[in-house]
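Heads up, the thing below is written out as structure tokens.
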Amino acid sequence: MTTPRACDDDIAIVGVGCVTPGADNMDEFWQVLVNGENHVVDIPADRWNAQAYYDPDPMAPGKSYVRRAGLIRAPDEWDNRLFNINDFEMNQMDPQQRLVLDCTYMALENAGITRAHLAGSDTGVFVGAMNSDYRGLFTAASTIVGNYTATGVSNSIIAARVSYVFDLRGPSVTVDTACSSALVSIHLGAQAIRSGDCNLAICGGTNYLTLPDVFVHLSKAHMLSPTGQCHAFSDKADGYTRGEGCGMVILKRLKDAERDGDNIWATILTGSNQDGRSVTPMTAPSMSQQVRLLEQVYSNANIDIDRLDYIEAHGTGTPAGDPIEATAVGNFFKDHGAIGRVRYIGTVKTNLGHLESAAGAVGIIKVLLMMRHSLIVPSLHFANNNPNPRIDFEELQLQVPTKVLEWSRENKIGCVNSFGFGGTNGHCILIEYTKRRSSSDILHAALKTPCIVCLSANSEKSLAGSIRDLCGHPDVENMDVHDISFTSTCRRDHYNLRIAKVVDDLHDLLTTLEEHVRSGAKAANALRKPRVVFVFCGMGTTWKGMCKEMLVEFPVFREKLEEIDRLLSSYVQWSLISRLEEESHFDDPLFSPIAIFACQVGLASLWQSLGVQPQKIVGQSVGEVAAAHIAGCLTLEDAVKIIYFRSYHLSQVTGGKMLIVRNARRASPTALAISGDADSVDAIKKWLQSSSRSSSKQAQLLELQVPVAFHSHHVDSCKAPLAESLQDIEPSEPTVDMISTVTGEVITDAPGIYYWVDNMRRPVLFHQAIAKSVEAKQKNVFIEIGPRSVLRAHLADIFSHEDPKCVISMSKPPEQKLFLSAVATMYELGADIEWSKLPTMGRNVTSVPHYFFNRQKSLGRSEAAVTILAGVSSLYRKHSYVFPIEGDFGMIAMISPHGQTSLYDHVVSGVIVVPGAFYVEVGFGIAAHLSTSKVKWAVGVEFEQPLVIQKDSVLRIDIDFAKDLHGEARAKAPIKLSKDGKHLATLKLTPLGADDHCMTAVMNLAHIQGRCKTRVDKDEIYSSLRRFGFQYGEAFSLITTALKSDRECLATVRVPPFLRDEMSGIVVHPSILDSLLQSSVILMSDQNDVNDLLPRSIRWFVLHRQIEDVMLIHTTLKHAGRKQTVYDVTLLTTQGIVIAELEGLVIRSITETRVGVDDMYVCDWKKVNDVPLPYSVDPKEGSNIVFVTDVVCSKAIVLPNPEERRISDFDGSKEKSDEGEKEKQEEDKKKADEHTTVNQIVVQYRRSDDIFRKLPEDWRRS
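According to this note's numbering, the sequence shown holds residues 121 to 1382 in order.
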């Protein structure tokens, strides 16, 4: 076997992307590796209740002996908008699909391949995926199943989703060979490129641990490690630990990658085979087939096997698998290599767990990173004193690295193994690709040459993150700014929020970006594309040295001027290029207009080469010749002829004078050019000067240094000669709308001979043409085409209402930097620049800038998902929505649109809020599960915080019992209800003896009705409730009428038939119980003084008999105070028999006289060090600084004296004070506004009640 040499079939890896436990990207993954980090963790409760599924007995039904795994961060968060996927579809997509899209995007960025470049191509997609647990969360009866579910949970869509999102037309295959899926996918991708099925392949694998089911399956097969760790090659090897993540690589023919200047990591050679029946059982690894695969791959590789230093093993840590693999690779390399040649063998599974169908791809990425960093990283959980006794490392010439080692060899070679438990094996060889840095690369790094660096995103958060990551990248100081420029412009996708900076070097870039962040500047929004108008300037715009820099830096510009130079040679003996480079003859009346024309044609051609095309064209005076050429009216040959003869004939005449006057009319409403006899122009000038002095309105007067008064009778003698000289021109109708400055109208016919005569003689209607060139409600952008700006100074005069933008193409030096600034401005304005046409010194793809994902939390959860993940026992269900967890580990309550549709009718201030009555019924559900006797229970509750629920979503509430209590004892202790750590309510359950309450108690309805004389109808009751923000639906509007007195009321409640369907398996429906709470509003006499009502607590509620269809509610006011009111409520039959009793309903009221901020929020203060004060304050004066966060106005108000602590009212207005004090406060506030940055002290408000919706509108928007 010999040194590797390139051939046409060589396949290169040009991009990589990954997400693993402990790492959201490749850079973080490298830190995990080089630091020897272990990211196998205890499975958290927010994934599933691992304790409920745990049993150390491998054969325990429905249990796993494993509680640990390698898990990625925040799998429920994703940036769906980046991939144009709506929120509904995102909510039903398997996280495996999300991971593949993210890693594909990162791999494409790493490769420097844009979505636009790939769209419509024959690119192939090959993705390994073996698990589909996510499908198990969407049962047939689930209410969240919708039209996106089928594609969201299907493994076949994993690869197809990539093809769809990126519009890829090549083969698209999801591969399942179990744990070898990723490497086999990469093998298939390489084969597809070789066979011609595709020219580029996106390959890899993904895995996500959704459910405990597979843990149970693998536990029964004794495949998993009871200690929860992959002890690869160690005497502690006892099975593998599961992990999740994703790795994707981009494959391309090496010759194509070199041609395209891609980011080549390595070349790759792959192979795959199957164990067949070479071993028994099917899941056993076959040493003979592993050796045979190695023989196959290396016989085709044509490499020097002694140069292979590292083996990334499958290395799962199983007692049988590790010795077989180590023996196979050790004997093969020993038999085919030099005697005594030791190789390193390790596995990433010791860091992350076994990523199963993603394992092979992540193993490849690990080896690639080691090659790039020239380091071999340690394999964990192994020491030289604890090797697997069945592996003779010395005999096999293998060594497990236990610390970071140098890997200094050039053209490094490593390999990766990956085996599936069904017998499908994969192996690949990785050969490092080394590109030598050229001397020109080194020179570029040292030069201070301007370039454009641009960043874009779909959101401000993403853009800010991209800037932060660029400035903070650990290797940014070693990057060439021109490579960053090349990457950001040519090798990145471009989105609507944009910034573009023209910088000279890396320090300039970092400083500019940091200042952008520090200033709080917003990105330009390019959602609306610009409507471009090219404006070609007229005479008097040349300057010495113009075009010299452009000729050097921009080949398109130079090529166009060289073409003009060749055409001019038919008329003149001198060279246009030579005169521009020599900076001579700019005062020559023949050369000057020709130079303007050439400059304009060069600039317009340069803009067009960059993809910036005009929708309208305007030319001023001589500028109309170049304008007509760009508009398609003239060939370049005819345009050169016209500019030459126009310039020649005008150069033969003299006389007259020209004067520019500002604040008059013609070029713009406040400026004009006067051309005529010298004495007449002088007289006008004198009169204007006199008028200006007398009226105190200063006019700006500028005499133009021209040999002749253009566009006046002084050029009449040129008309006939010019017409004669242009006899053979062949003009055409314009292909781009051109507005004439001769007529002020759009040119519809070909501009013939006499048009150009008029162009020379008639006044220039520049103002009219510019005004006509814009379109209302469009993003009009003028690009000035010429040696210097003419239009910009007049825009405000021409347009009083519109705000068109003006971009200058050229001015005095530095020409290159100014033009680049113009390009950057057009990019920010929304132009789609063809960056590949812009000259750049950059050649290499850099890792920054990269896109920062703007993730949002969303992952579908059905009723089945909630109960399965919580570990709910399916055998012991005594309540409709309170469920016990397996193994006596507590309970959960669940609300779903499938079982409790009516609860979604409980709307408060526009949002669905879980009714407090629901928590009372939860108490009865708890009692049903814990009670061993038929004792009656009373339920008391203290309400802590409201809980908002989204329409059609499933909600889980955790029920937390006191520790070390069991059975009925657990029920008697306070029980906390919580959601995501948010304390919702505390329950108190009390068992009642048989004599505690009389089941046949009867109330005298006649006496009650005699005391309650005032009738209240249903509309009035629910109108009052709506005033407090309760916008109840039909299920919570059960009270039909009521009678009331000052301290009691009797209301009628009717239970609709549809509620009966929800009453099975519960004690009292929350809608009925909520009606008891609602009845309190009937007794409120001072409703105009109350802002809101907060149910605070219920002392106890007890049910004596079955609910009926029509019932009465008797409510008594027990105590009325300023802060709270207490009621007792009894539910009765229509004959007065007691059905249920509610004692001690406490309603907290918030009145106009006391705004209860304490009731609405809990303040969490976070310490911020080194806070800059708005301005210097003397501590001796006892000054007090009050920071008001962005909940209100994001300002800091400095109060000079603690006695004057009058902060703002709800509307932010100051309290009244005497005029002197008020002026001082206003001055202080003004100073603070000038210096204060938002949130110098951060106050985080946690919503403690829905009363917050009563705040002023501008508060709520915060």
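Beta carbons are placed, not taken as given, at the ideal position from N, Cα and C, and that holds for glycine.
Tell me whether residue i is buried or exposed, calling it buried when 16 or more other Cβ atoms sit within 10 Å of its Cβ.
{"i": "residue 518", "result": "buried"}
{"i": "residue 686", "result": "exposed"}
{"i": "residue 1223", "result": "buried"}
{"i": "residue 136", "result": "buried"}
{"i": "residue 807", "result": "exposed"}
{"i": "residue 734", "result": "buried"}
{"i": "residue 160", "result": "buried"}
{"i": "residue 205", "result": "buried"}
{"i": "residue 296", "result": "buried"}
{"i": "residue 544", "result": "buried"}
{"i": "residue 1006", "result": "buried"}
{"i": "residue 887", "result": "buried"}
Quick one, are the C-beta atoms of residue i and residue j less than 8 Å apart?
{"i": "residue 434", "j": "residue 538", "result": "yes"}
{"i": "residue 1012", "j": "residue 1077", "result": "yes"}
{"i": "residue 326", "j": "residue 220", "result": "yes"}
{"i": "residue 406", "j": "residue 398", "result": "yes"}
{"i": "residue 653", "j": "residue 902", "result": "yes"}
{"i": "residue 259", "j": "residue 984", "result": "yes"}
{"i": "residue 480", "j": "residue 322", "result": "no"}
{"i": "residue 383", "j": "residue 230", "result": "yes"}
{"i": "residue 1266", "j": "residue 1200", "result": "no"}
{"i": "residue 842", "j": "residue 717", "result": "no"}
{"i": "residue 743", "j": "residue 720", "result": "yes"}
{"i": "residue 724", "j": "residue 858", "result": "no"}
{"i": "residue 860", "j": "residue 891", "result": "no"}
{"i": "residue 339", "j": "residue 178", "result": "yes"}
{"i": "residue 972", "j": "residue 586", "result": "yes"}
Since residue i and residue j are thought to touch, with beta carbons under 8 Å apart, how far apart are those beta carbons, to the nearest angstrom?
{"i": "residue 642", "j": "residue 703", "result": "42 Å between Cβ atoms; not a contact."}
{"i": "residue 432", "j": "residue 536", "result": "4 Å"}
Quick check on residue i: does DSSP put it in helix, strand or coil?
{"i": "residue 268", "result": "coil"}
{"i": "residue 795", "result": "strand"}
{"i": "residue 618", "result": "strand"}
{"i": "residue 599", "result": "coil"}
{"i": "residue 1232", "result": "strand"}
{"i": "residue 1190", "result": "helix"}
{"i": "residue 608", "result": "helix"}
{"i": "residue 224", "result": "helix"}
{"i": "residue 203", "result": "helix"}
{"i": "residue 1239", "result": "strand"}
What span of residues does the beta strand (DSSP E) with residue i cover, start to end?
{"i": "residue 1248", "result": "1244 to 1252"}
{"i": "residue 1044", "result": "Residue 1044 -> not in any beta strand (DSSP E); alpha helix (DSSP H) instead, spanning 1036 to 1050."}
{"i": "residue 823", "result": "821 to 824"}
{"i": "residue 654", "result": "651 to 656"}
{"i": "residue 397", "result": "Run containing residue 397: none; DSSP gives neither H nor E here."}
{"i": "residue 857", "result": "857 to 859"}
{"i": "residue 367", "result": "365 to 373"}
{"i": "residue 430", "result": "428 to 432"}
{"i": "residue 327", "result": "320 to 327"}
In the DSSP assignment, find the alpha helix (DSSP H) that holds residue i and state where it starts and stops.
{"i": "residue 1057", "result": "No alpha helix (DSSP H) holds residue 1057; the beta strand (DSSP E) holding it covers 1056 to 1063."}
{"i": "residue 482", "result": "479 to 493"}
{"i": "residue 1078", "result": "Per DSSP, residue 1078 belongs to no alpha helix (DSSP H); it is in the beta strand (DSSP E), 1075 to 1080."}
{"i": "residue 758", "result": "756 to 771"}
{"i": "residue 698", "result": "696 to 702"}
{"i": "residue 632", "result": "626 to 639"}
{"i": "residue 714", "result": "711 to 729"}
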